[in-house]
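Read through the structure below, which is laid out as structure tokens, and then see the notes.
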Amino acid sequence: MAGTTAGVRVDGDLIAIDGLHVTYRTRGDDVLAVQGFDLRLRAGASTGIVGESGSGKSTVAKAIVGLVAPSQGSIRIDGDLVAGTDASGNRATGYVRANRWKVQMIFQDPYGSLDPRQQPLDAVAEAVHQWQPGSRGAARTEALGLLKSVGISERQATSGLRALSGGQRQRVSIARALAPRPQVLVADEPTSSLDQSAQAAILNLLRRIQAERGLAIVFISHDLALVRYLTDTVMVMKDGFVVESGSTDRVFSTPDHDYTKRLIASVLA
Amino acid sequence: MPDATPVTTNPRVTSSVPAASPFLIAESLRIGLMRDGAELRIVDAADFTLDAGASLGIVGESGSGKTMLCRSFIGTLPRYGVRVLGGRLTIGGRDVTGATEDDWRAIRGKVIGYVPQSSLAGLNPVLTVETQLLEALQIGQAMDKTAARAEARRLLDLVRIPRVDAVLQERSHQLSGGMKQRVMIAAAIALRPPLLVLDEPTTALDVTVQYEILTLLRQLREDLRMGMILISHDLAVVEFLCQRVMTMYAGATVELGQADAIRARPRHPYTLALLHSRLGMAERGQDLVAIPGEMPVVGAWPEGCRFGPRCAHAVDACRSGPQPLPRFVDTHLTACIRAEEVT
Chain A
9 MAGTTAGVRV DGDLIAIDGL HVTYRTRGDD VLAVQGFDLR LRAGASTGIV GESGSGKSTV
69 AKAIVGLVAP SQGSIRIDGD LVAGTDASGN RATGYVRANR WKVQMIFQDP YGSLDPRQQP
129 LDAVAEAVHQ WQPGSRGAAR TEALGLLKSV GISERQATSG LRALSGGQRQ RVSIARALAP
189 RPQVLVADEP TSSLDQSAQA AILNLLRRIQ AERGLAIVFI SHDLALVRYL TDTVMVMKDG
249 FVVESGSTDR VFSTPDHDYT KRLIASVLA
Chain B
1474 MPDATPVTTN PRVTSSVPAA SPFLIAESLR IGLMRDGAEL RIVDAADFTL DAGASLGIVG
1534 ESGSGKTMLC RSFIGTLPRY GVRVLGGRLT IGGRDVTGAT EDDWRAIRGK VIGYVPQSSL
1594 AGLNPVLTVE TQLLEALQIG QAMDKTAARA EARRLLDLVR IPRVDAVLQE RSHQLSGGMK
1654 QRVMIAAAIA LRPPLLVLDE PTTALDVTVQ YEILTLLRQL REDLRMGMIL ISHDLAVVEF
1714 LCQRVMTMYA GATVELGQAD AIRARPRHPY TLALLHSRLG MAERGQDLVA IPGEMPVVGA
1774 WPEGCRFGPR CAHAVDACRS GPQPLPRFVD THLTACIRAE EVT
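These protein sequence lines are chains A and B, in that order. Quick note: the first sequence uses this note's numbering, first residue 9, plus one each step. Quick note: the second sequence uses this note's numbering, first residue 1474, plus one each step.
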């Protein structure tokens, strides 16, 4: 398969990350943003990565979708080595078309992640046309179906983006992320800019999509209540390291690390 | 305590309310603009009072009018192309409904401190923290630079910033989100206003930093005996900090009362729905309770109760006539004709 450098397939794991390190260079200084991050995630499973700003959680998300490169370690998506160098010394050539579609990202800010001059329908149809064979007309039909499945009507899909609320814009972002029919969604604080009710609607939608499509989802969030509600497993990051990980129920009921305890104690009743 | 000096030079701004009255009084306050000779309202008939030193949380979804209402307290509505259309607003015993920009300059900072939405971007990136605090301190009062510098240090101590001397010389890009918010709060309380208005002060912050900032605000409120109005879409944040809660929907006040009473028994379906949509209310594997539909846009408010089209309790009587006025049911005010049946 194109993009498979090593040809090693890890059975069942859609995401396999080993020993991920990410280093940012700023004015001659190296900042170790992520140090020794490991992850295994199967189809239909979900994991949460929590921690405060600067903990490295968003850098992990960016590395998974190929927006930053590992300085050490490797990332496999559905068996393809897409980033870094694995333990056998095989080097990835990066995401290529054959595996790029498999991982899609939902960003935090639905106001900044969509083109304000583009109709929602065009934004999603463009993504469909990019990834699926067929005419532009067929892409628009599929895009309308996708938008409808996330609760955007045809009238809203063909109106200006300005007419849509934050929650509706995030639905458009989700529809666009689903256009390539991905296997993995990486959601970086997908509801933090939304109010409570819009957040509830988006989280219900993500749960439904995950069940219907068997998606693996990585949730990046500082909202512990969200992670507790949505994910099977959780990883707590601090200063670039994972300080605690395990089943979400276990980590929330009997946290081991002091930092995890502090995070849980900060949740308002 | 309210500033004893007159806050207005405008003859239209009269001082008709006795000093013993509540610190802030909104009476049938309407905010919006005129379009084709008719009022296009963003906030409709806001009626509430706030005693000196008391705290009020305003909750509601985006578009409910809560931010515009608070902008009326600091006289910045014209910057957004809107104005007070009617009713009366009294602050510190003075009617400021028709206050001019000169009048407001004497109120902002001194009488009401304000921490705006997106305040993390509110610091000037090219000026040091000290320069910006000195500016805040020297607005409207004569203070020599040495005294102002000492006061700036004291302010940073007050908002629990460590390494005060270093931070005073830093610029915003060198500060974390929590530190920026502390500096913004320090600037807002620099002139010791009796009332601090905060618009979503912790929305962009991590859970631990949010908790620290809210704890700081609660401490400041008690230590300085400062009144507080807090806007949030998060009822948990409001309950943490405020004694009273006001729920707004489509420009209207739909519920108002003590925070604990409203939490124990909300009497408006909208407040109830907001409470139920909280993450903590659901078990894993269950759907969260989202409020169906969207908030109606300004100018397209429906007949009858504006929440009616999204309300699980609505009956035919809810869909005609004007927006119901708030009335007392048990412990607090609610604008629902079926309040007694809301559970």
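Built from N, CA and C at the ideal position, the CB exists for glycine as well. Being a predicted model, the structure only gives us computed values, none of them experimental.
Whole angstroms are fine: how far does the CA of Thr1807 of chain B sit from the CA of Pro1551 of chain B?
Your numbering for residue 1551 of chain B matches position 78 in the second sequence. Your numbering for residue 1807 of chain B matches position 334 in the second sequence. Taking the straight line joining both Cα atoms gives about 31 Å.
Taking only beta-carbon positions, decide if Leu1596 of chain B is within less than 8 Å of chain A.
If you number the second sequence from 1, residue 1596 of chain B lands on position 123. No, Leu1596 of chain B does not count as interfacial toward chain A.
Val280 of chain A in three-state terms, based on DSSP:
The displayed coordinates of chain A run from 9 to 277. Any statement about residue 280 of chain A would go beyond what the structure contains.
Take the Cβ of Pro1484 of chain B as the centre, count every other Cβ of all protein chains shown within 10 Å, and call the residue buried at 16 or more, exposed below.
Position 11 of the second sequence, counted from the start, is the residue given in the question as residue 1484 of chain B. Caution applies to Pro1484 of chain B, whose pLDDT of 36 falls short of 50 and renders its modelled position unreliable; the value that the coordinates give is listed next. Label assigned to Pro1484 of chain B: exposed.
Within this structure, are the beta carbons of Val259 of chain A and Val275 of chain A separated by less than 8 Å?
Position 251 of the first sequence, counted from the first residue, corresponds to residue 259 of chain A. Position 267 of the first sequence, counted from the first residue, corresponds to residue 275 of chain A. Going by C-beta atoms, Val259 of chain A is not nearer than 8 Å to Val275 of chain A.
Are the Cβ atoms of Gln1716 of chain B and Ala1732 of chain B separated by less than 8 Å?
Residue 1716 of chain B sits at position 243 when you count from the first residue of the second sequence. Residue 1732 of chain B sits at position 259 when you count from the first residue of the second sequence. Against a cut-off of 8 Å, the Cβ pair of Ala1732 of chain B and Gln1716 of chain B comes out as a contact.
Just reading off the alpha helix (DSSP H) that Thr101 of chain A is part of, what are its end residues?
On the first sequence, position 93 is the one that residue 101 of chain A refers to. DSSP places Thr101 of chain A outside any alpha helix (DSSP H), giving it a letter other than H or E.
Closer than 8 Å, Cβ to Cβ, to anything on chain B: give me those residues from the segment 215-235 of chain A, in chain order.
Considering only beta carbons, the part of the segment 215-235 of chain A lying closer than 8 Å to chain B consists of Arg215, His230, Asp231, Leu232, Ala233, Leu234, in chain order.
Please check if any C-beta of chain B sits within less than 8 Å of the C-beta of Arg170 of chain A.
As a first step, residue 170 of chain A is located in the first sequence; it is residue number 162 there, counting from the start. Not closer than 8 Å to any Cβ of chain B, the Cβ of Arg170 of chain A fails to qualify, so no.
Quick one: list the residues of chain A neighbouring Phe1713 of chain B, beta-carbon separation under 7 Å, in chain order.
Along the second sequence, read from residue 1 onward, the residue named residue 1713 of chain B stands at position 240. Here the neighbours are Leu276.
Given a cut-off of 8 Å, decide if Tyr237 of chain A and Arg1779 of chain B are closer than it, judged by their beta-carbon atoms.
The count along the second sequence starts at 1 and reaches residue 1779 of chain B at position 306. The count along the first sequence starts at 1 and reaches residue 237 of chain A at position 229. In this structure, Tyr237 of chain A does not lie closer than 8 Å to Arg1779 of chain B by Cβ.
Please compile the residues from chain A whose C-beta is within a distance smaller than 8 Å of the C-beta of Gly1650 of chain B.
Numbered from 1 along the second sequence, position 177 holds the residue referred to as residue 1650 of chain B. Within 8 Å of the CB of Gly1650 of chain B, the CB atoms of chain A belong to Ser61, in sequence order along the chain.
Any C-beta of chain A under 8 Å from that of Val1516 of chain B:
Here residue 1516 of chain B refers to the residue found at position 43 of the second sequence. Not closer than 8 Å to any Cβ of chain A, the Cβ of Val1516 of chain B fails to qualify, so no.
What is the residue span of the alpha helix (DSSP H) that Met1768 of chain B lies within?
Here the question's residue 1768 of chain B lines up with position 295 in the second sequence. Per DSSP, Met1768 of chain B belongs to no alpha helix (DSSP H) and is neither H nor E.
Measuring straight from C-alpha to C-alpha, what distance separates Arg1627 of chain B and Thr1601 of chain B?
Position 154 of the second sequence, counting from 1, holds the residue named residue 1627 of chain B. Position 128 of the second sequence, counting from 1, holds the residue named residue 1601 of chain B. Rounded to whole angstroms, Arg1627 of chain B to Thr1601 of chain B spans 16 Å at the Cα level.
Measure the C-alpha to C-alpha separation of Ala1812 of chain B and Pro1765 of chain B and round it to an integer number of angstroms.
Taking the first residue of the second sequence as 1, we reach residue 1812 of chain B at position 339. Taking the first residue of the second sequence as 1, we reach residue 1765 of chain B at position 292. Rounded to the nearest angstrom, the two C-alpha atoms are 20 Å apart.
Contact list for Gln204 of chain A against chain B, beta-carbon separation under 7 Å
In the first sequence, the residue the question calls residue 204 of chain A occupies position 196. In chain order: His1706, Asp1707, Leu1747, Ser1750, Arg1751.
What does a CB cutoff of less than 8 Å around Ser6 of chain A pick up in its chain, not counting 5 residues either side in sequence?
Residue 6 of chain A is absent from the structure shown; chain A starts at 9 and stops at 277.
Helix, strand or coil: how does DSSP classify Tyr1743 of chain B here?
Sequence index remark: in the second sequence, residue 1743 of chain B carries index 270 (1-based). In the structure shown, Tyr1743 of chain B falls within a helical segment according to DSSP collapsed to helix, strand and coil.
Proximal chain A residues relative to Val1682 of chain B, where beta-carbon distance stays under 7 Å
Numbered from 1 along the second sequence, position 209 holds the residue referred to as residue 1682 of chain B. Glu60, listed in chain order.
Runs of alpha helix (DSSP H) lying entirely within the segment 1606-1639 of chain B, each at least 4 residues, in chain order
Segments of the alpha helix (DSSP H) lying fully in the segment 1606-1639 of chain B: 1618-1631.
With a cut-off of 8 Å, does the C-beta of Leu122 of chain A fall near any C-beta of chain B?
Your numbering for residue 122 of chain A matches position 114 in the first sequence. Leu122 of chain A does not count as touching chain B.
Name the one or two DSSP bridge partners that His29 of chain A has.
Here residue 29 of chain A refers to the residue found at position 21 of the first sequence. Bridge partners of His29 of chain A: A:Gln80.
Short CB-CB distance (under 8 Å) between Arg189 of chain A and chain B
In the first sequence, counting from the first residue as 1, residue 189 of chain A sits at position 181. Not one chain B Cβ lies under 8 Å of Arg189 of chain A.
Quick check: what's the CA-CA separation for Ala208 of chain A versus Leu214 of chain A?
Within the first sequence, residue 208 of chain A is the residue found at index 200, counting from 1. Within the first sequence, residue 214 of chain A is the residue found at index 206, counting from 1. Those two C-alpha atoms are separated by around 10 Å.
Which residues in chain B sit within 8 Å of Ser173 of chain A, going by Cβ to Cβ distance?
The sequence position of residue 173 of chain A within the first sequence is 165, counting from 1. What Ser173 of chain A touches in chain B: Ser1535, Gly1536, Glu1767, Met1768.
In the DSSP assignment, find the alpha helix (DSSP H) that holds Ile210 of chain A and state where it starts and stops.
In the first sequence, the residue the question calls residue 210 of chain A occupies position 202. For Ile210 of chain A, the enclosing alpha helix (DSSP H) has its first and last residue at 204-221.
For a contact defined as C-beta to C-beta under 7 Å, what are the partners of Ala208 of chain A on chain B?
By 1-based counting over the first sequence, the position of residue 208 of chain A is 200. Listed along chain B are Ser1750, Leu1761, Val1762, Ala1763, each with a C-beta nearer than 7 Å to that of Ala208 of chain A.
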